[in-house]
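Contents: one structure, followed by commentary.
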Amino acid sequence: MMNHLFLGLSVAAMSTPQDFPVPVQQTTFQKTLLANISLHAATASTQAKPQLLELFGSGEVKGILKSCCPTYAQLPAEKLLELFDALVSTAELTHNINSNTSENKEWNDLSLDELYKDNLPAMYNLWALGYLNLSHFGQGEKGSGQFENIAETKLMNFPNFTGKFAGGLNLPANVEEALSRPYYTTLNIFGMGTAANMFGDVAFVINDLYRDLSLFAPSDTGAWVAACILKYPPAKPPHFFPPAFDCSKWAPTLVGSNDDKYHILLANIRLWESASPGFLERFISRAFGPGSIADGVRSTTPVKASDILSFIEVDPVANVLMPGGVKFVVAAYSTLFGTSKGHQLQSWASKSGVVLLWGDSFEESDPMGSQLVSGRLVDPLVLMHTTASRNASLPSDYTTLFNKAWASPTSFDDLFNMSPASAKVRPVAPWHCSEPSKCIGSDMNQHCICY
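Numbering that gives the first Met the number 0 puts the last residue of the sequence shown at 450; the count rises by one with no breaks.
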């Protein structure tokens with residue numbers, strides 16, 4: 000890992016043939032900011048641990064466990080917290096991108112078209128994408144970047160940009176300033192098939208090494224800014240942004256780190272229980288119930304639309320470098336399977352040597368309903384171009400089944416039910432694989448699929 004300060008350096012001198020800057024993984028500035036925040040997080044985390052133990056030992060949680068998963072109900076609070084902490088520590092870091100370019104511009108994120116054609120040296124953060132004209136983010140439009148800038152300066156202690164004032168905020172003065180800001184990911188504790196697919200139908204799972212370089216927040220920080228700093232009124236169903244948070248449930252309002260995050264775990268549960276009644280029961284059941292990450296392949300606990308937003312936000316204070324920054328990809332079966340865009344994604348994943356999975360996702364056609372969204376299937380055509388193929392054991396007839404479904408797509412459930420156990424992949428859990436950081440998950444036969 001290099002140890003240079005961005006500010007004052009000319010990164011443009013180190014550029015790809017397309018003249019995109021090649022950043023270092025983490026600058027001295029970013030390291031210092033993360034270290035300073037971690038000092039305060041350590042105290043807050045220590046103070047929150049007894050409250051978490053009280054919660055896991057409460058009659059309410061024990062009652063939920065007795066109903067969903069009696070084996071866990073017999074465990075003391077200390078053991079439950081230990082297991083939950085282990086799940087959090089291996090949960091996927093995901094960043095979702097919308098395959099629909101016009102919709103993607105609304106979110107101001109990287110488009111898949113740009114990713115395919117430019118061979119980018121990094122998964123640039125939102126500010127860098129805007130500065131490099133790869134998106135509309137933070138380019139002076141009113142409101143663009145407002146929530147993120149408030150979150151980054153007020154919650155994460157980043158200094159304000161020093162460039163021109165436009166759209167209600169100062170913009171980055173140069174690419175170095177833009178690259179100094181964090182990259183946004185979500186922690187997929189619930190084991191959602193396509194993670195936070197409200198942000199897009201393609202989930203890029205980020206390399207585990209970035210976990211230790213990250214800040215942790217108990218909710219989407221944009222949602223927190225809208226609800227608790229700007230005081231926007233709560234959204235009315237079927238919409239759920241901003242949520243109806245009881246903002247006092249995150250106090251003190253300190254972000255955490257990978258080593259010090261008990262206050263973040265506690266605030267996540269409290270905030271979402273205040274905004275979405277019944278969240279605690281769904282949360283515990285998804286964590287420990289039948290088919291959970293801890294126990295099986297496909298959770299039998301449905302989720303609500305608001306649960307998709309209930310993630311813990313994990314923000315690498317670093318630059319996610321390519322190749323290597325992306326561990327694997329999960330694409331939404333409902334929008335991309337059997338399409339030309341899906342084929343483009345297959346080609347990119349094959350060329351990049353990363354595994355591609357096809358996942359179940361929350362369908363917007365039923366925003367008020369509850370849905371099962373945890374199934375995943377491995378793409379056999381991409382798998383053969385990755386080193387993970389060495390320890391996968393897919394039968395040849397699965398490729399035939401997959402190709403037939405691609406030519407004439409059926410429902411995800413139909414293909415999932417027809418597929419062999421070795422093609423059904425669940426997220427990594429610490430007790431399933433000896434080296435979770437190298438694995439994309441384990442199949443229904445308890446076999447780990449790893450690079």
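A virtual CB, placed ideally from N, CA and C, is assigned to each residue, including glycine. All values reported here derive from a predicted model rather than from experimental measurement.
Cβ-Cβ distance between residue i and residue j below 8 Å
i: residue 40; j: residue 378; result: no
i: residue 312; j: residue 247; result: no
i: residue 188; j: residue 326; result: no
i: residue 342; j: residue 43; result: no
i: residue 86; j: residue 428; result: yes
i: residue 382; j: residue 354; result: yes
i: residue 201; j: residue 265; result: no
i: residue 360; j: residue 331; result: yes
i: residue 136; j: residue 154; result: no
i: residue 157; j: residue 172; result: no
i: residue 93; j: residue 203; result: yes
i: residue 251; j: residue 222; result: no
i: residue 376; j: residue 347; result: no
i: residue 374; j: residue 415; result: yes
i: residue 33; j: residue 273; result: no
i: residue 317; j: residue 73; result: no
Rounded C-alpha distance that separates residue i from residue j
i: residue 164; j: residue 45; result: 40 Å
i: residue 194; j: residue 391; result: 23 Å
i: residue 254; j: residue 215; result: 6 Å
i: residue 181; j: residue 403; result: 42 Å
i: residue 351; j: residue 322; result: 7 Å
i: residue 399; j: residue 406; result: 11 Å
i: residue 461; j: residue 19; result: No answer is possible for residue 461: it lies beyond the span of the chain, which begins at 0 and ends at 450.
i: residue 166; j: residue 139; result: 4 Å
i: residue 103; j: residue 308; result: Caution is warranted here: a pLDDT of 45 is assigned to residue 103, below 50, making its placement in the model unreliable, and the coordinate value is therefore given only provisionally. Rounded to the nearest angstrom, the two C-alpha atoms are 18 Å apart.
i: residue 295; j: residue 235; result: Because the pLDDT of residue 295 is 49, which lies under 50, any placement of that residue in the model is unreliable, and the question is left without a value.
i: residue 109; j: residue 150; result: 20 Å
i: residue 227; j: residue 36; result: 21 Å
i: residue 229; j: residue 98; result: 31 Å
i: residue 270; j: residue 333; result: 31 Å
i: residue 10; j: residue 178; result: Low local confidence applies: a pLDDT of 40 at residue 10 is under 50, so the model's placement there is unreliable, and no value is given.
i: residue 432; j: residue 288; result: 20 Å
i: residue 113; j: residue 339; result: 16 Å
i: residue 232; j: residue 413; result: 41 Å
i: residue 386; j: residue 225; result: 43 Å
i: residue 59; j: residue 26; result: 45 Å
i: residue 162; j: residue 168; result: 9 Å
i: residue 438; j: residue 324; result: 14 Å
i: residue 176; j: residue 170; result: 9 Å
Option nearest residue i by Cα separation, candidates the options
i: residue 283; options: 82, 147, 316, 161; result: 82
i: residue 22; options: 122, 50, 58; result: 122
i: residue 143; options: 130, 154, 155; result: 130
i: residue 79; options: 394, 61, 91; result: 61
i: residue 95; options: 274, 167, 192, 278; result: 192
i: residue 306; options: 108, 190, 55; result: 190
i: residue 384; options: 416, 267, 450; result: 450
i: residue 207; options: 49, 89, 328; result: 89
i: residue 345; options: 374, 328, 97; result: 328
i: residue 244; options: 251, 256, 267; result: 267
i: residue 319; options: 197, 169, 184, 227; result: 184
i: residue 275; options: 252, 63, 238; result: 238
i: residue 91; options: 280, 53, 37, 209; result: 209
i: residue 212; options: 30, 409, 436, 433; result: 30
i: residue 53; options: 69, 75, 65; result: 75
i: residue 396; options: 380, 389, 408; result: 380
i: residue 77; options: 51, 233, 334; result: 51
i: residue 174; options: 394, 271, 117, 128; result: 128
i: residue 132; options: 426, 436, 107; result: 107
i: residue 220; options: 24, 439, 57, 145; result: 145
i: residue 66; options: 280, 147, 148, 176; result: 280
Residues that DSSP places opposite residue i in a beta bridge
i: residue 356; result: 329, 377
i: residue 96; result: 201
i: residue 254; result: In the DSSP output, where bridge partners are listed per residue, residue 254 has none listed.
i: residue 312; result: 185, 216
i: residue 170; result: DSSP, once it has assigned bridges, lists no residue as partnering residue 170.
i: residue 224; result: DSSP output for residue 224 lists no bridge partner at all.
i: residue 164; result: 169
i: residue 192; result: Residue 192 pairs with nothing; no bridge assigned.
i: residue 72; result: Per DSSP, none; premise fails for residue 72.
i: residue 143; result: Answer is none; residue 143 lacks a bridge partner.
i: residue 320; result: 121
Chain B contact for residue i (CB, 8 Å cutoff)
i: residue 425; result: The structure shown has no chain B; it contains just one protein chain.
Heavy atom of the ligand MG within 7 Å of residue i beta-carbon
i: residue 418; result: This structure lacks the ligand MG, and indeed carries no ligand of any kind.
Practice prompt. Determine contact between the region 419 to 426 and the region 441 to 448, defined as no fewer than three beta-carbon pairs at a distance below 8 Å.
Written response: They touch, by the three-pair rule.
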